[in-house]
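In what follows, a structure is listed as structure tokens, so that the remarks can point back to it.
4 protein chains.
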Amino acid sequence: MAKIDLNCDLGESFGAYTMGMDERVIPLISSCNIACGYHASDPLVMRKTVAMAKEAGVGIGAHPGFPDLMGFGRRNMAVSPEEAAAYITYQLGALYAFAKSMHTKLQHVKPHGALYNMAGKDYKLALAIAKAVKDFDPSLILMGLSGSESVRAAEEIGIPVAREVFADRAYMPDGSLVPRSMEGAMIRDENEAIRRVIRMVKEHKVTAIDGTDIEIVPDSVCVHGDNEKALTFVTQIRSALEAEGIGIAPLSKIVAL
Amino acid sequence: MAKIDLNCDLGESFGAYTMGMDERVIPLISSCNIACGYHASDPLVMRKTVAMAKEAGVGIGAHPGFPDLMGFGRRNMAVSPEEAAAYITYQLGALYAFAKSMHTKLQHVKPHGALYNMAGKDYKLALAIAKAVKDFDPSLILMGLSGSESVRAAEEIGIPVAREVFADRAYMPDGSLVPRSMEGAMIRDENEAIRRVIRMVKEHKVTAIDGTDIEIVPDSVCVHGDNEKALTFVTQIRSALEAEGIGIAPLSKIVAL
Amino acid sequence: MAKIDLNCDLGESFGAYTMGMDERVIPLISSCNIACGYHASDPLVMRKTVAMAKEAGVGIGAHPGFPDLMGFGRRNMAVSPEEAAAYITYQLGALYAFAKSMHTKLQHVKPHGALYNMAGKDYKLALAIAKAVKDFDPSLILMGLSGSESVRAAEEIGIPVAREVFADRAYMPDGSLVPRSMEGAMIRDENEAIRRVIRMVKEHKVTAIDGTDIEIVPDSVCVHGDNEKALTFVTQIRSALEAEGIGIAPLSKIVAL
Amino acid sequence: MAKIDLNCDLGESFGAYTMGMDERVIPLISSCNIACGYHASDPLVMRKTVAMAKEAGVGIGAHPGFPDLMGFGRRNMAVSPEEAAAYITYQLGALYAFAKSMHTKLQHVKPHGALYNMAGKDYKLALAIAKAVKDFDPSLILMGLSGSESVRAAEEIGIPVAREVFADRAYMPDGSLVPRSMEGAMIRDENEAIRRVIRMVKEHKVTAIDGTDIEIVPDSVCVHGDNEKALTFVTQIRSALEAEGIGIAPLSKIVAL
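The listed protein sequences derive, respectively, from chains A, B, C and D. The first sequence begins at 61 in the numbering used here and counts up by one. The second sequence begins at 61 in the numbering used here and counts up by one. The third sequence begins at 61 in the numbering used here and counts up by one. The fourth sequence begins at 61 in the numbering used here and counts up by one.
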């Protein structure tokens, strides 16, 4: 049976600040990316979120980001590969400790925000991150943008890798995302977005922005749980996938380990 | 053979800021407490310090503290036991990740600064910390002030515990430290300080501030490596201990595991 | 005409995190306390909040707190009076800069959360804070809990002071707040809360928890704007005050400068 | 008489961490740039440094940087012009408060590290910063790299501007600095470095890396005080300037206000 993972960022609250509707989205997804205290979250939030994910049977991922709480890790920072690697190790270990303390496991690592985007285009940075993951635990899955340098780096050093796709983004003929600044970057029709995902899963194909079909092999689709509209979309994509006979499963059931 | 551990705080540099003379003190000690990024240190410093400790064969301990970089974790903070426990788990995991990535192990956990002092007097806080350590790894040694609530909590929940003593501090008849605000709190004569440590190790006794002898069983002596005077003292205490036939060994060789 | 100020904490959002319903509460209040980046807020939020308060004609106050973003400044920290004073100066200046850049003025300073509570009971701390305010600008009003050490310190060094009262809190016979841990600490009946405020304003009296009447002279009532219930209460207290012929005015129209 | 300012970064210590030899360099310089708590420093350090600069009669400048303590503000961050402007206002106000509280004044603003470098090349960013300075106080001098976008932006909006030069850096024919990655970027011979500065001051000329003479009008030379070698160099350049009859004076005596 064709299968796909639905992943969502969780555990982004911080101290007195609440973000996201974690309780409502968690029954709808198969894997979650939990913030690790650098761009968002704190130890109490991490503990609570790991407990919630364990309870829901959702694959638990670390979501390490830049040390930029004020910018929510969304601003590019000119860190060296060594710095990025050390930040990954630190945050990965911190989340791991909550998982281990609750007798559960980490499934994957997905760099967050600007770090994800930068690593996707910078092989040296991607390699440093992939090595940091491998050095800590070579059985962890590294999630990266399909077609990105992150995926290439993970494959090269031989750790399991999950190729992430976006339902609402258009693709260039080379498989990279159309930059948000370009016309047509966003797929605004939700039904079309869902149809594109289904085709990716079933046919490993998507129509690029120039009209040509390109190959894409999706392991996970990124969804959001921070507003009502997003929750509705997750419900719809779930139903559509199930109606097509596509299974929704955590990465550990999809990616070759 | 009588044995004692000499422990020292290491890895307290942060970003562009250097603190301590880690390279010089590390050959003189048997265990180190490595800061974990809350009161001091950062991921690059943690990586470097773990590597240095592994190379030197020194027992590696996590030194988690309050999230108070500006105050170096030295100011009491009214955190709840739940908050303290989560801060311990977070920092412990972060340091663990560097150790695991370098194929080495953590030996112990020693709460830092104000957290250490508060836990020493507050059983609920001490218990929350001890449980956090046990939940993560019940074979880790928790280091606490000899005679403190931290030691009592660790014993009660059944994790290995190291009783720490101070060469330069006077003791109350009940085994607690004479508060710094009291006359006679500090042992300023270094030879006397060393003689007191030797007696603690050999006879399990120390003369309290009221002149009576009290029982004290030391597993580790706290030393410092942040200035020349401190380094000289460590060299002297080492020589004196060795001259008395007392072995200097990491906690893992001293504490019943 | 009898007058009273209604003050509310504003500008507590931070980065990607939203807190409070500032736009909705601002038309209902006469003074606001704007967070200054230590326990909450960031420079963009400060700029926006000052602009909003200026536009609404609301008295602008600095709301400096402890450097504890993770705990929202609500946890006691054992800072020295010198540290507290420097934290006040720093945050006060930061907010002042936004006000000055927009051609408006600061009206008052209200320490936040745990710092407010600690200063209310610790004269040395209160004095250090009051001096920091005076050194920066002796015409700024310091807001403190009615009957507290903060008010005493401000009076002693001769800066304008605003005595804050709480509608929903019971008072001890000595004019201090009944601790939250005691039975009867909270006035849960909103109508009674409003009646008590009206009596404070008109008669300078409130019934203490032991049934005796005590004197209390209120300059400002603390209200909240972070949930629907709180907003409803502010609307109600406004109407009740106006119905009683009590004017609602910013501190600068109430406190002798 | 020809005059030049010697400026140095001061007040970069943080909490328990000491950086720089402020006491020793301060008698040798005429202006200082004081860190404002984002990339370095804290309120106690700011207070102490402002007091020291006032006592020494040195021109006091704010040295606002990126919110990146871990990276000491040296890493480029993709902040928006609005964010940069707000960060400048915040830090400028914070330092101003210490100066005002001690009855002294701010003379100038010099963005720090990566923010300085980025603004030097990005006119939009430079303009946002210059406007933030002007909005707060149009009499403050903005210090920028000679020939940079920062200088251009300050001139365009009509605030006083100080053109900074570097003794130890080579220049491109267009007046920009030779990138550090290029051969010949650094002037390693200290005597040559000093001769170049003297020629800049006296003749408004320097030999660019291609051997041609270019015009450069220096208002201030950047010096360092964080190691013995740097201190020796400041002493030497002072003597050489004085021997040439060049006055050393704070920016406020040099720049047209």
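Note that CB positions come from ideal geometry on N, CA and C, so glycine has one too. Being a predicted model, the structure only gives us computed values, none of them experimental.
Under 7 Å between beta-carbons, which chain D residues line up against R135 of chain A? List them in chain order, please.
Within 7 Å of the CB of R135 of chain A, the CB atoms of chain D belong to M137, A138, V139, in sequence order along the chain.
Would you kindly report the start and end of the unbroken alpha helix (DSSP H) that includes M106 of chain B?
It spans 103 to 116 - the alpha helix (DSSP H) in which M106 of chain B sits, taken as one unbroken run.
Tell me, to the nearest whole angstrom, how far the beta carbon of V169 of chain B is from that of M203 of chain B; I am working on the premise that it is less than 8 Å.
Right, their Cβ atoms sit about 7 Å apart.
May I ask which residues mark the beginning and end of the beta strand (DSSP E) holding S91 of chain C?
Run containing S91 of chain C: 91 to 95, per the beta strand (DSSP E) assignment.
Just the C-alpha distance for V266 of chain A and V257 of chain A, rounded to the nearest angstrom, thanks.
Rounded to whole angstroms, the gap between the alpha carbons of V266 of chain A and V257 of chain A is 8 Å.
Between P124 of chain C and chain B, is the shortest Cβ-Cβ distance under 8 Å, so that the two count as touching?
By this cut-off, P124 of chain C is not an interface position.
Terminal residues of the continuous beta strand (DSSP E) containing G204 of chain A?
The continuous beta strand (DSSP E) containing G204 of chain A extends over residues 201 to 205.
For D273 of chain C and S280 of chain C, the rounded distance between their alpha carbons
Using only the alpha carbons, I get a separation of about 20 Å.
From the beta carbon of F196 of chain C, is the nearest beta carbon of chain D less than 8 Å away?
With respect to chain D, the C-beta atom of F196 of chain C has a partner C-beta closer than 8 Å.
Which residues does DSSP pair with R135 of chain A in a beta bridge?
Paired residues: none, contrary to the question.
Proximal residues to K181 of chain D (C-beta, below 8 Å), its chain only, five neighbours per side dropped
Once the five neighbours on either side are set aside, the close Cβ partners of K181 of chain D are S208, E209.
Do you know how far the Cα of T109 of chain D is from the Cα of G71 of chain B?
When rounded, the separation of the alpha-carbon atoms in G71 of chain B and T109 of chain D is 27 Å.
Our contact map puts E216 of chain B next to A188 of chain B with C-beta atoms below 8 Å; I'd like the distance itself, whole angstroms only.
The beta-carbon distance between E216 of chain B and A188 of chain B, rounded to whole angstroms, is 12 Å. This is too long to meet the 8 Å contact definition.
To which residues does DSSP link S280 of chain A through a beta bridge?
Paired residues: A:D65, A:E224.
Would you list the one or two residues that DSSP bridges to T267 of chain D?
T267 of chain D is bridged to D:D273.
Counting only C-beta atoms, is F132 of chain B closer than 8 Å to chain D at any point?
Yes, contact with chain D.
Collapsed DSSP secondary structure at T303 of chain D in the structure displayed
It is Ala, not Thr, that sits at residue 303 of chain D in the sequence shown. In the three-state reduction of the DSSP assignment, A303 of chain D falls in the helix class, which pools H, G and I.
is_contact[L129 of chain C, chain A] using C-beta, thresh 8 Å
Yes - at least one Cβ of chain A is within 8 Å of the one on L129 of chain C.
Can you list, in chain order, the residues of its chain with a C-beta nearer than 8 Å to that of P239 of chain C? Leave out the 5 residues immediately preceding and following it.
Taken in chain order, the residues that qualify are A245.
Are L175 of chain B and I94 of chain B touching if we call contact CB-CB under 8 Å?
Contact: no.
Return helix, strand or coil for V169 of chain A, following the three-state DSSP convention.
In the structure shown, V169 of chain A sits in a strand (DSSP, three-state: E or B).
I'd like to check one pair, A253 of chain A with A227 of chain A: are the Cβ atoms closer than 8 Å?
It is a contact, given that the beta carbons lie within the stated cut-off.
What's the C-alpha gap between L129 of chain C and M81 of chain A?
Distance from the CA atom of L129 of chain C to the CA atom of M81 of chain A, rounded to whole angstroms, is 22 Å.
Any C-beta of chain G under 8 Å from that of G244 of chain D
Note that chain G does not occur in the displayed structure, where the protein chains are A, B, C and D.
Provide the residue span of the beta strand (DSSP E) that contains A122 of chain C, from first to last.
From DSSP, the beta strand (DSSP E) with A122 of chain C extends over 119 to 123.
Run of the alpha helix (DSSP H) containing K313 of chain C, from where it starts to where it stops:
Per DSSP, K313 of chain C belongs to no alpha helix (DSSP H) and is neither H nor E.
When we look at the beta-carbon of G173 of chain C and count the other beta-carbons within 10 Å, is it buried (16 or more) or exposed?
It is buried - the Cβ of G173 of chain C has at least 16 other Cβ atoms within 10 Å.
Less than 8 Å between the beta carbons of V315 of chain D and I89 of chain D, yes or no?
No, Cβ-Cβ distance for V315 of chain D and I89 of chain D is not below 8 Å.
Based on Cα-Cα distance, which residue from A:L291, A:E83, A:S312 lies nearest to I219 of chain A?
Just measuring C-alpha positions, the residue of A:L291, A:E83, A:S312 sitting nearest I219 of chain A is A:S312.
What distance in whole Å lies between the Cβ atoms of A122 of chain C and L166 of chain C, which are believed to be in contact at a cut-off of 8 Å?
Contact between L166 of chain C and A122 of chain C holds, since their C-beta atoms are separated by about 6 Å, short of 8 Å.
Measure the C-alpha to C-alpha separation of A186 of chain D and F293 of chain D and round it to an integer number of angstroms.
Cα-Cα distance, rounded: 31 Å.
Is it true that the CB of P103 of chain D sits closer than 8 Å to the CB of T149 of chain C?
For T149 of chain C and P103 of chain D, yes; Cβs fall inside 8 Å.
Indicate the three-state DSSP secondary structure (helix, strand or coil) for M246 of chain A in the structure shown.
Correct three-state label for M246 of chain A: strand.
Assign Y98 of chain A to one of three DSSP states: helix, strand, or coil.
Y98 of chain A: coil per DSSP, three-state reduction.
First and last residue of the alpha helix (DSSP H) that includes P141 of chain B?
That run of the alpha helix (DSSP H) goes 141 to 161.
Determine, using beta carbons only, whether M178 of chain D comes closer than 8 Å to chain C.
Cβ-Cβ to chain C under 8 Å: no for M178 of chain D.
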